[in-house]
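To keep things clear, I will list the structure first and then write my remarks on it.
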Amino acid sequence: MKEESKVIEDIKKEIALERLRQAPLTVNISFGSNGKFMNRDELIEQVEKNTELGKRIVNIQIEYLRAFKKGITISSNG
Amino acid sequence: MAEVLFSRPDDDIMLSYLHYYSKELVKISNELGHQTIDKEKEDANKRVITSIILKQKPKLIMFNGHGSPEEICGHKKEVIISAKENAGILKGAIVYALSCASALTLGPKSVKEGTICFVGYDFDFALGKDRDSEASPKHDKLARLFLKPSNTLFANLLNKKDVKTSVEKAKKEMQDNIDYLHTTDSIPDAIYYAPYLFSNRLGLITHGDSSASIN
Chain A
207 MKEESKVIED IKKEIALERL RQAPLTVNIS FGSNGKFMNR DELIEQVEKN TELGKRIVNI
267 QIEYLRAFKK GITISSNG
Chain B
570 MAEVLFSRPD DDIMLSYLHY YSKELVKISN ELGHQTIDKE KEDANKRVIT SIILKQKPKL
630 IMFNGHGSPE EICGHKKEVI ISAKENAGIL KGAIVYALSC ASALTLGPKS VKEGTICFVG
690 YDFDFALGKD RDSEASPKHD KLARLFLKPS NTLFANLLNK KDVKTSVEKA KKEMQDNIDY
750 LHTTDSIPDA IYYAPYLFSN RLGLITHGDS SASIN
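If you want it as structure tokens, here you go:
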């Protein structure tokens with residue numbers, strides 16, 4: 207069970223990394239906990255190193271894909 | 570009219586964006602006749618802010634700043650409110666924290682100790698910056714899409730709308746902006762920012778009485 211969960215997490219991470227790699231280098235995002243803006247490669251580095259922020263970035267990408275799959279009718283559910 | 574307190578540090582690029590956008594809210598608060606206390610830059614520190622809260626008991630408080638699940642920070646990341654130390658001083662207020670993840674632990678703790686309603690984010694608040702804007706908040710069309718909904722939320726609170734309505738309006742605007750990011754050509758690489766604005770939308774939550782207003 208633990209192994210299966212690890213496999214799923216690895217797949218999610220790969221999907222997120224692939225999406226991040228599609229973006230141009232100049233993407234510029236800050237997450238308010240440190241105030242620093244990061245470009246594409248710095249975002250990828252966070253994910254590759256499995257930092258807390260990296261895990262959060264993976265979740266963002268996966269949640270977004272899920273919502274997109276549902277037709278992103280997310281505005282009607284609160 | 571209500572007493573309204575703003576804590577607006579401005580000591581890094583991200584905070585300079587929050588500081589710039591919240592200036593409009595200070596103006597609206599004054600125009601509406603609220604007794605507005607604006608503590609910005611180095612005045613957004615623990616001693617000043619906690620002293621005002623304890624003495625003047627503002628009904629509505631907006632915190633800009635860095636944060637964590639347990640804390641809201643001010644100038645130079647000084648912790649102003651902490652779940653472990655002084656969440657109880659927010660008793661009787663409606664609080665909006667544009668501060669990373671503080672709705673996760675500090676939000677419910679402060680409500681348990683008497684905050685009427687705590688509005689904030691249970692994830693890190695994300696902000697996109699236009700690569701061509703040279704970190705000028707005024708000219709940054711991308712950052713506007715991230716920060717304008719936050720202003721909509723607080724402007725509605727200032728206009729005596731209840732928390733639930735104010736949050737719904739902000740979320741609707743976030744969704745409209747996500748849709749815009751999918752389709753526009755006027756902002757470089759707009760589509761790559763949509764997941765991060767989506768994350769803000771998902772993370773915006775309330776604790777406590779969301780039917781409350783400053784009426």
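Going down the list, the protein sequences come from chains A and B. For what it's worth, the numbering used here labels the leading residue of the first sequence as 207, then goes sequentially. For what it's worth, the numbering used here labels the leading residue of the second sequence as 570, then goes sequentially. The beta carbon of each residue, even a glycine, is placed where N, CA and C say it ideally should be.
Please classify residue i: does DSSP put it in a helix, a strand, or coil?
i	result
Phe-767/B	helix
His-635/B	coil
Gly-777/B	strand
Ser-282/A	Caution is warranted here: a pLDDT of 41 is assigned to Ser-282/A, below 50, making its placement in the model unreliable, and the coordinate value is therefore given only provisionally. Looking at Ser-282/A - three-state DSSP - the assignment turns out to be helix.
Glu-609/B	strand
Leu-629/B	strand
Val-595/B	helix
Leu-223/A	helix
Leu-259/A	helix
Met-583/B	helix
Val-253/A	helix
Val-617/B	helix
Straight-line CA distance for residue i to residue j?
i	j	result
Ala-243/A	Ser-779/B	In the sequence as displayed, the identity of residue 243/A is Phe instead of Ala. Whole-angstrom Cα-Cα distance: 33 Å.
Leu-766/B	Leu-696/B	8 Å
Glu-611/B	Glu-215/A	43 Å
Arg-246/A	Glu-224/A	11 Å
Ala-229/A	Glu-609/B	36 Å
Gly-721/B	Glu-209/A	The identity of residue 721/B in the sequence shown is Thr, whereas the question assumes Gly. Roughly 45 Å between the two C-alpha positions.
Glu-682/B	Ala-662/B	11 Å
Met-743/B	Leu-629/B	23 Å
Tyr-762/B	Asn-655/B	36 Å
Ala-571/B	Ser-679/B	21 Å
Glu-647/B	Ile-760/B	35 Å
Leu-584/B	Gly-241/A	7 Å
So, does the CB of residue i fall closer than 8 Å to a CB anywhere in chain D?
i	result
Arg-700/B	No chain D appears in the structure shown, which is made up of the protein chains A and B.
Could you pull out every residue in the same chain whose Cβ sits closer than 6 Å to the Cβ of residue i, ignoring the five residues on either side in sequence?
i	result
His-588/B	Arg-577, Asp-579
Gln-267/A	Ala-222, Arg-225
Which same chain residues, not among the five before or five after residue i, have their C-beta less than 7 Å away from its C-beta?
i	result
Asp-693/B	Cys-669, Ala-670
Ser-586/B	What sits at residue 586/B in the sequence shown is Tyr, not Ser. So the list reads Leu-696, Pro-706, Ala-712, Leu-716, once near-sequence residues are dropped.
Ile-641/B	Phe-632, Gly-634, Ile-649, Ile-650, Ala-666, Ser-668, Ser-671, Leu-675
What ranges does the alpha helix (DSSP H) occupy inside the stretch 676-746 of chain B, keeping only unbroken runs of at least 4 residues that lie completely in it? 710-727
Could you please tell me which residues of the stretch 612-635 of chain B, in chain order, have their CB closer than 7 Å to any CB of chain A? His-635
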